[in-house]
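Numbering (the numbering used here), first residue to last: 14 to 111.
Every residue gets a Cβ at the ideal spot worked out from N, C-alpha and C, and that includes glycine.
Every value quoted in this text rests on a predicted model; they were computed, and no experiment measured them.
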Amino acid sequence: MPQSKTIFLAMHDHKHGLDTTAHTTREGAKKWCISVMRETLEDWRDNSCNDLTDVELWQAWTEISGETEFFSIEPTQLHESEPVKKVDWTADTSHIGA
Numbered sequence: 014m015p016q017s018k019t020i021f022l023a024m025h026d027h028k029h030g031l032d033t034t035a036h037t038t039r040e041g042a043k044k045w046c047i048s049v050m051r052e053t054l055e056d057w058r059d060n061s062c063n064d065l066t067d068v069e070l071w072q073a074w075t076e077i078s079g080e081t082e083f084f085s086i087e088p089t090q091l092h093e094s095e096p097v098k099k100v101d102w103t104a105d106t107s108h109i110g111a
C-alpha cells in the first residue's frame, strides 16, 4: 500500500497571477506568506504596517491590499507512486493507412 504525507501549499493570488509553493509544515507555509507580504510592502514603499505582528499582518492583509491580493494555505496529500506493473499489450493498428 502506498504511503501518503500531508504537504501544505501556500498560495498568493495577485494581479499578475497565482504563486504557489509547497512546504512540509503549515508553519513553513505561513512563514513564506508573511515574508511575501513584507516584501510586497517594501515594494509598495508602505511603512504604515511595519509595526504589525505576523499574526496581525496575516489577518489584515486583504484589507491592506485593497482586496486585490489573497493568501491561503491548503493541506494536500502527497502520495508515493506505486511501482508500475508491466503489462503486455498489442497496439491496434487497423486504422493506419485506412
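With a cutoff of 8 Å on beta-carbon distance, T33 and F21 are scored as not near each other. Going by DSSP, E55 is part of no beta strand (DSSP E) but of the alpha helix (DSSP H) stretching over R39 to D56.
If you ignore the 5 residues before and after C46, its C-beta comes within less than 6 Å of the C-beta of A23 and F84, all in its own chain and listed in chain order.
For L31, the pairing in a beta bridge is given by DSSP as D26. Within the same chain, A73 come within 8 Å of L65 by CB-CB distance, once the 5 residues on both sides are set aside.
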